[in-house]
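Some notes on the structure that comes next.
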Amino acid sequence: MGPVLAGVLQLLALIAALALAYRPLGDYMAKVYSSDKHWRVEKWIYKGIGANPETEMRWPAYLRGVLAFSAVGVLFLYLLQRLQGVLPGSLGFSSIDPDQAFNTAASFVTNTNWQSYYGEQAMGHVVQTAGLAVQNFVSAAVGMAVAVALVRGFARSRSGELGNFWADLVRGVVRVLLPLSVVAAIVLVACGAIQNFSGIHEVGQFMGGSQQWNGGAVASTEAIKEVGTNGGGIFNANSAHPFENPTPFTNLFEIFLLLVIPFSLTRTFGVMVGSVKQGYAILATMATIWVGFVALMMWTEFAHHGPAFEMAGGAYEGKEVRFGIGGSSIFATSTTLTSTGAVNSFHSSFTGLGGGITMLGMMLGEIAPGGVGSGLYGMLIMAIIAVFIAGLMVGRTPEYLGKKISTREIKLAACYILITPALVLVFTAAAMALPTPGNSMTNSGAHGFSEILYAYTSASNNNGSAFAGLNADTQWFNSTLGIAMLLGRFVPMVFVLALAGSLAEQRPVPVTAGTLRTEKPLFTGLLVGAILIITGLTYFPALALGPLAEGLAA
Numbered sequence: 018m019g020p021v022l023a024g025v026l027q028l029l030a031l032i033a034a035l036a037l038a039y040r041p042l043g044d045y046m047a048k049v050y051s052s053d054k055h056w057r058v059e060k061w062i063y064k065g066i067g068a069n070p071e072t073e074m075r076w077p078a079y080l081r082g083v084l085a086f087s088a089v090g091v092l093f094l095y096l097l098q099r100l101q102g103v104l105p106g107s108l109g110f111s112s113i114d115p116d117q118a119f120n121t122a123a124s125f126v127t128n129t130n131w132q133s134y135y136g137e138q139a140m141g142h143v144v145q146t147a148g149l150a151v152q153n154f155v156s157a158a159v160g161m162a163v164a165v166a167l168v169r170g171f172a173r174s175r176s177g178e179l180g181n182f183w184a185d186l187v188r189g190v191v192r193v194l195l196p197l198s199v200v201a202a203i204v205l206v207a208c209g210a211i212q213n214f215s216g217i218h219e220v221g222q223f224m225g226g227s228q229q230w231n232g233g234a235v236a237s238t239e240a241i242k243e244v245g246t247n248g249g250g251i252f253n254a255n256s257a258h259p260f261e262n263p264t265p266f267t268n269l270f271e272i273f274l275l276l277v278i279p280f281s282l283t284r285t286f287g288v289m290v291g292s293v294k295q296g297y298a299i300l301a302t303m304a305t306i307w308v309g310f311v312a313l314m315m316w317t318e319f320a321h322h323g324p325a326f327e328m329a330g331g332a333y334e335g336k337e338v339r340f341g342i343g344g345s346s347i348f349a350t351s352t353t354l355t356s357t358g359a360v361n362s363f364h365s366s367f368t369g370l371g372g373g374i375t376m377l378g379m380m381l382g383e384i385a386p387g388g389v390g391s392g393l394y395g396m397l398i399m400a401i402i403a404v405f406i407a408g409l410m411v412g413r414t415p416e417y418l419g420k421k422i423s424t425r426e427i428k429l430a431a432c433y434i435l436i437t438p439a440l441v442l443v444f445t446a447a448a449m450a451l452p453t454p455g456n457s458m459t460n461s462g463a464h465g466f467s468e469i470l471y472a473y474t475s476a477s478n479n480n481g482s483a484f485a486g487l488n489a490d491t492q493w494f495n496s497t498l499g500i501a502m503l504l505g506r507f508v509p510m511v512f513v514l515a516l517a518g519s520l521a522e523q524r525p526v527p528v529t530a531g532t533l534r535t536e537k538p539l540f541t542g543l544l545v546g547a548i549l550i551i552t553g554l555t556y557f558p559a560l561a562l563g564p565l566a567e568g569l570a571a
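According to our numbering, the sequence shown is numbered sequentially starting from 18.
Encoded structure:
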């Protein structure tokens, strides 16, 4: 079997698995977030945190819950790292420096999971499990809660109430993320991923020196890392490490895990708004972009540019031979089109155009299918932009799901789509203009520029992957990337929740002959076009200076 055919078959198998999980998981999540009953363990949690899950919240109260909970998470994780040197189970590692502790705390609380440290050489078992792994669960649940609040904004009328943040948070962890992660961890352990709390030990002699490895709760961390679209690995090599990703099967399984909730949430959306066809339209948009990007990535990496690539059968540099070009291309595209950031190959070693595809996936806003929760609400924002554009073309007040898109709604949507590009471009420009940040670049020219552009694109979009040639463990990058993560996560949430509150206050408008049918393929095409054009206009100059210049020069 040729490598191209193997890659295509992996893609088809993945699509089939996602299709089988789509309806049952989507319906289950709709029931989770629509239920008025609380499990006993959930009642204990509510009692412990002093929350009343029956209280309905308007958007300012919901937002205060999101921000307060996340602020406590940043502070707790920062202190845990700073105290690591005196904690049990630290494996002898010292406390983390202040700038790196801030960066890591911001990273994991914002579901970014950017890592400017070597995981197996910096973090002990307590920080990994009680700190980082816990944030993998709750940060993902926060994103899902905000998405559900926006869906309720479309589904409800004349109330302004969006549910209860604490109930949505707890249910997301207890009923969705935890069960899926337990099953996924068992599968990974059965396939060879490690799960222990062993210390540091030598595994052999290499080139005259000893090689040391430490154990860890790798399988369980890997499970929530993918299920929650987090991406932070225990080992520096991330999902290219055989302890985290042992076989080609686990590679495909991990891709499935990072895609299954974001895709299935479109079904949840359709069920909750009372029209599964609307969910299918959003799903079709996400799937069209995802499949297109995977096909384009495979083409760029399999194309034979020069005798070296022709002899090797493709661009194998930086890729794990266990997974090949096909498995690496699907993983790289999926992890950057979601907010996962996990890597099974080094994106810096992809072809110039291949590296550009990973960047463009993040620049789209990671909405195809995006992170858990964040992908859905990002796509719904783009849907509002699309119906606004359609309304301008026909001279009619735009409507979406029975709600009028007035000046207030479109301003909030516009602010949402502008904040992330502003962070990416301003921070990239500052890093290139100042003398010190440039010293962190391993490469010069277009590829060196791409390293910095990729870093701020990854941080601002809460992805977490890196081009790997950039030394980001400096005070400048730890601080600015941490700020970009926090602003890129929580400022858009302000606009999302304000938009949800505005929609929930409206009275539904009846469907007429002039209403745009947003469940039809025509709207899907309009939405895909709007996403690509808006992103292209925003980022094309920066992409032209980096990956496009490098790819065309090859």
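All C-beta atoms, glycine included, are put in the ideal place defined by N, C-alpha and C.
In this text the structure is predicted, and so the values were computed from the model without any measurement.
> Considering only residues of the region 220 to 281, which uninterrupted beta strand (DSSP E) runs meet the minimum length of 3 residues and lie entirely inside it, listed in chain order?
Replying inline: Counting only runs of 3+ residues, the beta strand (DSSP E) found wholly inside the region 220 to 281 occupies 226 to 231, in chain order.
> Where do the N-terminal and C-terminal ends of the alpha helix (DSSP H) with Arg-57 fall, by residue?
Replying inline: 57 to 66 is the span of the alpha helix (DSSP H), which, as asked, contains Arg-57.
> Closest by CA to Ile-427, which one among Leu-442, Ser-345, Ala-515 and Thr-357?
Replying inline: Comparing Cα-Cα distances from Ile-427 to each of Leu-442, Ser-345, Ala-515 and Thr-357, the minimum goes to Ala-515.
> According to DSSP, is Ile-402 helix, strand or coil?
Replying inline: It is helical.
> Given a threshold of 16 other Cβ atoms within 10 Å of its Cβ, counted over all protein chains shown, does Asn-488 qualify as buried or as exposed?
Replying inline: Note on Asn-488: under 16 other CB atoms within 10 angstroms of its CB, so exposed under the neighbour-count rule.
> Is it right to say His-218 is buried, meaning 16 or more other beta carbons lie within 10 angstroms of its own, or is it exposed?
Replying inline: Exposed is the call here.
>> In whole angstroms, give me the CA-to-CA distance for Leu-503 and Ala-530.
In response: It is roughly 44 Å from the alpha-carbon of Leu-503 to the alpha-carbon of Ala-530.
>> Looking at Ser-124: is its Cβ nearer than 9 Å to the Cβ of Gly-249?
In response: For Ser-124 and Gly-249, yes; Cβs fall inside 9 Å.
>> Measuring straight from C-alpha to C-alpha, what distance separates Met-399 and Ala-430?
In response: For Met-399 and Ala-430, the distance between alpha carbons rounds to 8 Å.
>> Spatial neighbours of Ser-133 within its chain, please: C-beta separation below 8 Å, excluding the five flanking residues on both sides.
In response: Within the same chain, Ser-133 has close Cβ partners Gln-117, Asn-120, Thr-121, Ala-489, Asp-490, Phe-494, Asn-495 and Leu-498.
>> Three Cβ pairs or more, each shorter than 8 Å: is that satisfied between the region 358 to 365 and the region 475 to 488?
In response: With a cut-off of 8 Å, the region 475 to 488 and the region 358 to 365 count as touching, because enough Cβ pairs lie within range.
> Which residue's Cα is closest to the Cα of Ala-150: Ser-356, Val-190, Ala-162 and Trp-183?
Replying inline: Ala-150 has its Cα closest to that of Val-190, out of Ser-356, Val-190, Ala-162 and Trp-183.
> I think Gln-212 touches Val-204, with their Cβ atoms under 8 Å apart; what is that distance to the nearest whole Å?
Replying inline: At roughly 12 Å, the Cβ-Cβ gap does not stay under 8 Å, so Gln-212 and Val-204 are not in contact.
> Going along the chain, which residues of its own chain have a beta-carbon closer than 8 Å to the beta-carbon of Leu-565, five neighbours each way excluded?
Replying inline: These residues qualify, in order along the chain: Gly-369, Leu-370 and Gly-373.
>> When you compare the CB positions of Met-380 and Thr-552, do they come within less than 9 Å of one another, or not?
In response: Less than 9 Å separates the beta-carbon of Met-380 from that of Thr-552.
> If you run the structure through DSSP and keep just helix, strand and coil, what is Arg-173?
Replying inline: In this structure, DSSP gives Arg-173 a state outside helix and strand, which the three-state scheme calls coil.
> When we look at the beta-carbon of Arg-81 and count the other beta-carbons within 10 Å, is it buried (16 or more) or exposed?
Replying inline: Classification for Arg-81: exposed.
> Under 9 Å between the Cβ atoms of Thr-462 and Thr-129?
Replying inline: A small fix is needed here, since residue 462 is Gly in this sequence, not Thr. No.
>> Which same chain residues end up closer than 8 Å to Ser-577 when comparing Cβ atoms and leaving out the 5 residues on each side of it in sequence?
In response: Limits of the chain in this structure are 18 at one end and 571 at the other, which puts residue 577 out of reach.
> So, helix, strand or coil for Arg-506, using DSSP?
Replying inline: In this structure, Arg-506 counts as helix in the three-state DSSP scheme.
>> Can you check which of these residues, Ala-254, Val-513 and Phe-266, is closest to Gly-209 by C-alpha distance?
In response: Scanning Ala-254, Val-513 and Phe-266 for the CA closest to the CA of Gly-209 turns up Phe-266.
> Cα separation between Gly-109 and Gly-141?
Replying inline: Between Gly-109 and Gly-141, the C-alpha separation is close to 8 Å.
> By the 10 Å Cβ neighbour count, where 16 or more other Cβ atoms means buried, how is Lys-60 classified, buried or exposed?
Replying inline: With fewer than 16 other Cβ atoms within 10 Å, it is exposed.
> DSSP state of Ser-107, grouped into three classes?
Replying inline: In the structure shown, Ser-107 sits in coil (DSSP, three-state: anything other than H, G, I, E or B).
> So, Ile-342 versus Pro-20, is the Cβ gap smaller than 9 Å?
Replying inline: Contact: yes.
> If we ignore side chains and look at the alpha-carbon of each, how far apart do Ser-391 and Val-165 end up?
Replying inline: Roughly 10 Å between the two C-alpha positions.
> Measuring CB to CB, does Ile-347 end up less than 9 Å from Leu-269?
Replying inline: It is a contact, given that the beta carbons lie within the stated cut-off.
> According to DSSP, what are the bridge partners of Ser-362?
Replying inline: BP columns for Ser-362 point to Lys-336.
> What's the C-alpha gap between Ser-475 and Met-376?
Replying inline: Answer to the nearest angstrom: the Cα atoms are 8 Å apart.
> Taking buried to mean at least 16 other C-beta atoms within 10 Å of its own C-beta, is Glu-71 buried or exposed?
Replying inline: The residue in question, Glu-71, is exposed, as its Cβ has fewer than 16 Cβ neighbours within 10 Å.
> Using DSSP with H/G/I as helix, E/B as strand and the rest coil, what is Arg-188?
Replying inline: In the structure shown, Arg-188 adopts helical secondary structure according to DSSP, grouped into three states.
> On the premise that Asn-478 lies in contact with Glu-383, defined as a C-beta separation below 8 Å, what is that separation, rounded to the nearest angstrom?
Replying inline: About 5 Å separates the two Cβ atoms, so the contact holds.
> With 16 other CB atoms within 10 Å as the buried threshold, where does Asn-69 fall?
Replying inline: Classified as exposed, Asn-69 has fewer than 16 neighbouring CB atoms from the shown chains inside 10 Å of its CB.
>> For Tyr-39 and Phe-280, which I take to be in contact (beta-carbon distance under 8 Å), what is that distance rounded to the nearest angstrom?
In response: Tyr-39 to Phe-280, Cβ: 6 Å. Contact.
> Based on Cα-Cα distance, which residue from Trp-230, Ile-62, Gln-98 and Leu-435 lies nearest to Ile-548?
Replying inline: Of Trp-230, Ile-62, Gln-98 and Leu-435, the residue nearest in Cα terms is Leu-435.
> Would Asn-456 be called buried (16 or more neighbouring beta carbons within 10 Å of its own) or exposed?
Replying inline: With fewer than 16 other Cβ atoms from the protein chains shown falling within 10 Å of its own Cβ, Asn-456 counts as exposed.
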